[in-house]
DNA sequence: TTTACAAATGTTATATATTAACGATTCGGC
DNA sequence: GCCGAATCGTTAATATATAACATTTGTAAA
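Residue numbers (the UniProt record's numbering), protein chains in the order written: chain A, 1 to 164; chain B, 1 to 164.
Next comes the structure, spelled out in C-alpha cells:
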C-alpha cells in the first residue's frame with residue numbers, strides 16, 4: 001500500500017511498480033490462507049509474472065519463461081496454475097486477447113470491466129455500478145439470468161492520446 | 001421482413017428461420033453493392049452457414065462443411081471469409097466462445113451487446129442505450145477514447161429457465 | 001483487347017491455445 | 001509412518017489462428 005501507486009495504470013510512468021507486485025502477492029497469500037488454498041511455487045511465480053507489468057500476459061509467454069527457469073514446463077504446467085488463479089479470483093482472463101491480467105479488485109462488488117488501450121497495451125480494471133445496473137435492467141427486461149459478464153472496452157487511453 | 005420473425009431468438013420455436021437467412025443474405029448483398037465490396041461465392045456461403053441457426057458458429061465447423069462441399073478448404077479459406085464479413089459488419093465474433101454470429105443490426109446505433117444462454121446456446125444481440133451511456137460516461141471520466149466494445153453476458157434465457 | 005495491377009483464392013507450413021490421460025510425487029490429516 | 005487427495009511431470013492430441021508464397025481471377029486503364 002504505497003503512496004506511489006498510480007490512480008490509473010494508464011498514468012503509470014515511473015510509479016513504484018514493485019509495490020504493485022508485492023501488494024498483489026501479499027494479497028494472494030492472505031486470500032489463500034483464509035480459504036485454505038495452496039499458493040505453491042509455480043502458482044506464485046505465475047502470478048508474479050502476470051503482475052510483472054500492467055499488460056495482459058499470454059499463456060505461452062509464461063510457458064517460455066517458466067520453461068527457461070525450471071528447465072522444463074509443458075502447457076499443463078501453466079494452464080493448471082492459471083486455472084487455479086482464475087478460480088481463486090486472483091487473475092482475470094481477457095477474452096478478446098486470450099491473455100491474463102492480475103485482479104486488482106478494482107471491480108469492487110460488481111462484475112469486472114476492463115479498459116484496454118491498444119496503443120500502450122495497458123489494461124485498467126474499472127468499477128461501474130452504473131453499467132452493472134444498466135445490464136441488470138436489460139437482463140431483467142429479457143427474463144435473462146446473468147451468470148457471467150465479459151466487458152472489455154478497447155480504445156486509446158488519455159496518456160497515449162496526448163502523446164499522439 | 002417476415003411477420004413470423006421472432007421478437008427474441010430465445011423464443012424462436014418454430015419461427016420461419018428461412019426468412020432470417022434470406023433477409024440476412026439480401027441485406028449483405030445490398031450493403032456490398034452500396035460499398036463496392038465483393039460478396040464472392042465463398043463469402044456468401046460462409047455467411048449463409050453462420051445464419052443457419054441462432055447459435056454461434058465455430059471456424060472449424062465452417063471449415064469442415066466448406067471442405068466437404070468444395071472438396072478442398074484450408075483454414076485461410078475460412079478465416080479470410082470471416083475477416084471480410086467482420087470488416088463489413090455482417091457478422092460479429094463472440095470472443096468468449098471463439099465463434100461467430102450473424103449481425104442482425106439489433107444493436108441499433110450503439111456497440112453490439114450479446115446475451116448468451118449457456119443452456120440452449122442461443123445468442124441474442126440487444127440494444128441498450130442505457131449501457132452505452134454508462135460506458136461512455138466511465139470512459140469520459142478516465143479520458144479513454146472507445147474504439148470497440150466486447151460485451152458478452154452469459155447466463156440462462158427465460159425459455160430455458162422455465163423448462164428447468 | 002490486351003496488358004497490367006489489385007484482389008481473391010489455393011496451398012503448405014507453422015504458431016498459438018487448450019485439454020485429455022495417466023503416472024509419479026508430495027502434502028496434510030489420521 | 002500410512003493413506004487419500006492434491007499437485008505436478010509427461011506425452012499426446014485437439015482446437016484456434018496466422019504467415020508466406022504461388023496461382024488465379026476480376027477490373028480498369030492503355
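In this text, a Cβ means the ideal position worked out from N, Cα and C, and glycines have one as well. These numbers were taken from a predicted model, which means no experiment stands behind them.
Name the residues in the segment 124-142 of chain A whose C-beta lies less than 8 angstroms from a C-beta of chain B; which are they? Those would be 124, 126, 128, 130, 131, 133, 134, 135, 137, 138, 139 and 142, in chain order.
With a cut-off of 8 angstroms, does the C-beta of residue 85 (chain B) fall near any C-beta of chain A? Not one chain A Cβ lies under 8 angstroms of residue 85 (chain B).
Tell me which same chain residues have a C-beta within less than 7 angstroms of the C-beta of residue 10 (chain B), skipping the five on either side of it? Cβ neighbours of residue 10 (chain B) beyond the five flanking positions: 117, 122, 124, 157, 158 and 159.
Beta-carbon gap between residue 94 (chain A) and residue 56 (chain A) smaller than 8 angstroms: Contact check for residue 94 (chain A) against residue 56 (chain A) passes: the beta carbons are separated by less than 8 angstroms.
Check residue 89 (chain A) in the structure and name its three-state DSSP category. Residue state, collapsed to three classes: coil.
Simplified DSSP assignment, three categories, for residue 163 (chain B): Correct three-state label for residue 163 (chain B): helix.
Flag this pair as yes or no: are the beta carbons of residue 149 (chain B) and residue 111 (chain B) separated by less than 8 angstroms? Yes, these two residues count as a Cβ contact at 8 angstroms.
I'd like to confirm the pairing. Which residues does DSSP put opposite residue 115 (chain B) in its beta bridges? Per DSSP, the beta bridge partners of residue 115 (chain B) are B:124 and B:153.
Ordered along the chain, which non-local residues of its own chain (more than five positions away) have a Cβ less than 8 angstroms from that of residue 12 (chain B)? Excluding positions up to five away in sequence, the list reads 6, 54 and 122.
Contact defined as beta carbons within less than 8 angstroms: I believe residue 39 (chain A) pairs with residue 32 (chain A). What is the distance between those atoms, to the nearest angstrom? Taking 8 angstroms as the upper bound for CB-CB distance, residue 39 (chain A) and residue 32 (chain A) are in contact here, some 4 angstroms apart.
Could you spell out where the alpha helix (DSSP H) holding residue 67 (chain A) opens and where it closes? Its alpha helix (DSSP H) spans residues 59-70.
Taking all protein chains shown into account, decide if residue 141 (chain B) is buried (16 or more other Cβ within 10 angstroms of its Cβ) or exposed. Exposed, because fewer than 16 other Cβ atoms sit within 10 Å of the Cβ of residue 141 (chain B).
Residue closest to residue 153 (chain B), alpha-carbon to alpha-carbon, out of A:154, A:132 and A:63: Looking at the Cα atoms, A:132 is the closest of the given residues.
Establish whether the CB of residue 13 (chain A) and some CB of chain B are separated by less than 8 angstroms. So no, residue 13 (chain A) is outside the interface.
Closest Cβ-Cβ distance between residue 120 (chain B) and chain A: below 8 angstroms? Residue 120 (chain B) does not count as touching chain A.
Would you mind giving the Cβ-Cβ distance between residue 100 (chain A) and residue 92 (chain A), rounded to the nearest angstrom? I have them listed as a contact below 8 angstroms. Taking 8 angstroms as the upper bound for CB-CB distance, residue 100 (chain A) and residue 92 (chain A) are in contact here, some 7 angstroms apart.
Looking at the structure shown, is residue 83 (chain A) part of a helix, part of a strand, or coil, going by DSSP? Helix at residue 83 (chain A).
Determine the direct distance from the alpha carbon of residue 45 (chain B) to that of residue 3 (chain B), and round the result to whole angstroms. Model confidence at residue 3 (chain B) stands at a pLDDT of 47, short of 50, so the residue's coordinates are unreliable; what they give is reported in the following sentence. Here the C-alpha atom of residue 3 (chain B) lies approximately 25 angstroms from the C-alpha atom of residue 45 (chain B).
Verify the CB distance criterion: does residue 155 (chain B) have a CB-CB separation below 8 angstroms to chain A? So yes, residue 155 (chain B) belongs to the interface.
Ends of the alpha helix (DSSP H) at residue 24 (chain B)? In this chain, the alpha helix (DSSP H) harbouring residue 24 (chain B) covers 17-35.
Spell out whether any CB of chain B is found under 8 angstroms from the CB atom of residue 148 (chain A). Yes, residue 148 (chain A) lies at the interface with chain B (some Cβ there is under 8 angstroms from its Cβ).
Euclidean distance between Cα positions of residue 98 (chain A) and residue 58 (chain A): Distance between the alpha carbons of residue 98 (chain A) and residue 58 (chain A) is about 7 angstroms.
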